Amino acid sequence: MRETLFASPEGRMLGMGLALTGLMLLAFGIGWHLYPDHILPYAIMTGLNLIIGREAGMSFGYASGFGHAQVVPLNILIETIQVLVIYPLFVQSTRHLIRLRTLEPFIMRIHRAAKSSGGVVRKFGVAGLFVFVFAPFWMTGPVVGAIIGFLIGLRPWVNLAVVLVSTYIAIGVWALLLNELNVWASAVNQYAPYALFLAILLIAAAMQWVGRHRERSAEGEGG
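Below, the structure is given as structure tokens:
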């Protein structure tokens, strides 16, 4: 089972993702033990990225006084890990090599989103996938993009390369935009960057709520 699970390209990606996850958790554990006050903002930034999205996590980072050198690499690492773990888990679950009951609703939701957008992406191939991953809309982004790449038949490593390159460019653009907004807010008031962060957080959370509400409505009509 273990040899079969990690034998495919997606299996090797999963191994890389789990290794990076372990190293990241180890680094957070050591940092929390040695420098708890310094590591807390990094932990919050990580949690916000995972729960709300990169715009919330990165905005908090800049509001906390971090620069590009702290915000960009951490968010690159977080989103790389998401792709290297969730995408292979999805592929291996379709091959019946693994079954995680607790993740099944999440995997199915991503699968539905990928299938609904797959036709448009398929029409434009790699370029369509690149734009889909880059675009900051509901249920777009690297994880759904990687699953679409799998569904339209891209080779695993080509799929991964397109998704990650587009993700890294998107993070760079967000970094430039959010940093400029943070500089402007800081000039207005010392607490304005946190007000900006809260505004971005609320907008992102509202977009998530609207997106999920539409999903449920579509499922109800389909049922």
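Residues 57 to 279 (this note's numbering) make up the sequence shown, in order. Ideal Cβ placement from N, Cα and C applies to all residues, glycine included. Keep in mind the model is a prediction, meaning the values are calculated, not measured.
Here the alpha carbons of Gln126 and Leu90 stand approximately 18 Å from one another. The beta carbon of Trp230 sits closer than 7 Å to the beta carbons of Arg110, Glu111 and Met114 from its chain, once the five residues preceding and following it are set aside; these are given in chain order. Taking a C-beta distance under 8 Å as the contact criterion, Met72 and Leu133 do not qualify as a contact pair. Counting of Cβ neighbours within 10 angstroms places Ala75 among the exposed residues, the total staying below 16.
Looking at the backbone, the Cα of Leu210 and that of Arg178 are separated by about 10 Å. For the pair Glu160 and Ile154, the Cα-to-Cα distance works out to about 11 Å. The beta carbons of Thr158 and Pro198 sit no closer together than 8 Å. For Met69, the CB contacts under 6 Å within the same chain, skipping 5 residues up- and downstream, are Leu140 and Pro144 in chain order. Inter-residue distance for Ala217 and Pro249 is about 34 Å (C-alpha atoms, whole angstroms). For the pair Gly201 and Val182, the CB atoms are not nearer than the 8 Å cut-off.
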